[in-house]
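Beneath this line is the structure, given in structure tokens, with notes to follow.
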Amino acid sequence: MKVTTLISQEEISNKVNELALIISNDYAEKELLVVGILKGSFVFMADLIRNLSIPCRCDFVKLSSYGKETVSSGEVKMDLDISSRVEGENVLVVEDIVDTGLTLSKLKEILASRQPASLRVCAFLDKSSRRKVPVEIDYRGFEIPDKFVVGYGLDCDEQFRYLPYVGIIEEDS
Ligand code: IMP
32 MKVTTLISQE EISNKVNELA LIISNDYAEK ELLVVGILKG SFVFMADLIR NLSIPCRCDF
92 VKLSSYGKET VSSGEVKMDL DISSRVEGEN VLVVEDIVDT GLTLSKLKEI LASRQPASLR
152 VCAFLDKSSR RKVPVEIDYR GFEIPDKFVV GYGLDCDEQF RYLPYVGIIE EDS
């Protein structure tokens with residue numbers, strides 16, 4: 032398998048700074064609960080929160096729909112719930128990539144039912160051409176083409192999460 036760079040480390044760093052600035056302004060004077068979707072978002076979330084100029088609390092959920100395939104099975108299940116109370120909180124969901132939108136819309140539905148004060152989404156990557164269900168993204172890193180990408184937390188069968196850049200994975204021919 033070959034990985035070709037799509038988004039460089041420098042482009043990522045600039046974008047994370049940009050997003051963190053906007054988010055810090057939007058949530059100034061507010062309590063923020065950042066909820067990362069495991070596993071893919073952990074690298075992005077770690078960089079994002081360290082660039083915020085406001086305090087926040089962090090929690091994680093684990094949702095799965097993929098298994099080992101590179102095509103979504105369409106089924107989303109919650110493997111791990113957050114332990115934080117959501118009612119009355121300003122919740123910011125952090126996702127690595129929005130593909131079909133099924134994962135995010137399921138999580139938004141679950142969290143919305145717990146009556147947060149506000150519920151927004153920050154997604155590092157957006158593959159909007161593959162959307163199956165509409166889902167609003169409040170803070171978006173990069174729009175990307177319909178290619179399977181890895182790195183910066185994203186994996187292919189648990190490989191490549193450690194790459195500091197985002198690359199397109201190509202099967203050897
Ligand atoms: P969705 O429910 O189809 O939007 O899928 C979202 C999840 O699928 C992400 O959180 C990723 O874990 C995974 N995913 C979708 N596209 C890719 C990709 O190109 N590379 C790695 N993981 C992906």
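Its first residue numbered 32, the sequence shown is counted upward by one per residue in the numbering used here. Note that CB positions come from ideal geometry on N, CA and C, so glycine has one too. Predicted model only: the values in this text are computed from it and were never measured.
Would you kindly work out how many angstroms separate the C-alpha atoms of L63 and E120, rounded to a whole number?
Here residue 63 refers to the residue found at position 32 when the sequence shown is read from its first residue. Here residue 120 refers to the residue found at position 89 when the sequence shown is read from its first residue. Straight-line Cα distance between these residues: approximately 7 Å.
Using the Cα positions of Q146 and D110, report the straight-line distance between them to the nearest angstrom.
The residue you call residue 146 lines up with position 115 of the sequence shown. The residue you call residue 110 lines up with position 79 of the sequence shown. When rounded, the distance between both Cα atoms is 21 Å.
Using DSSP with H/G/I as helix, E/B as strand and the rest coil, what is Q40?
For the purposes of this step, residue 40 is taken as the residue at position 9 of the sequence shown. In the structure shown, Q40 sits in a helix (DSSP, three-state: H, G or I).
Taking 8 Å as the limit between beta carbons, can you name the residues of its chain near T134, skipping five residues before and five after?
Mapped onto the sequence shown, residue 134 falls at position 103. So the qualifying residues of the chain are I68, L94, S96, V107, E126.
Taking the Cβ atom as the reference point for each residue, do F73 and G184 lie within a distance shorter than 8 Å?
To locate residue 73, count along the sequence shown from 1; it is residue 42. To locate residue 184, count along the sequence shown from 1; it is residue 153. Against a cut-off of 8 Å, the Cβ pair of G184 and F73 comes out as a contact.
Measuring straight from C-alpha to C-alpha, what distance separates E202 and E189?
As a first step, residue 202 must be located in the sequence shown, where it is residue number 171. As a first step, residue 189 must be located in the sequence shown, where it is residue number 158. Answer to the nearest angstrom: the Cα atoms are 16 Å apart.
If you compare alpha carbons, which of D130, A143, K163 is closest to P176?
One-based indexing of the sequence shown puts residue 176 at position 145. Checked all of D130, A143, K163; the closest Cα to P176 is D130.
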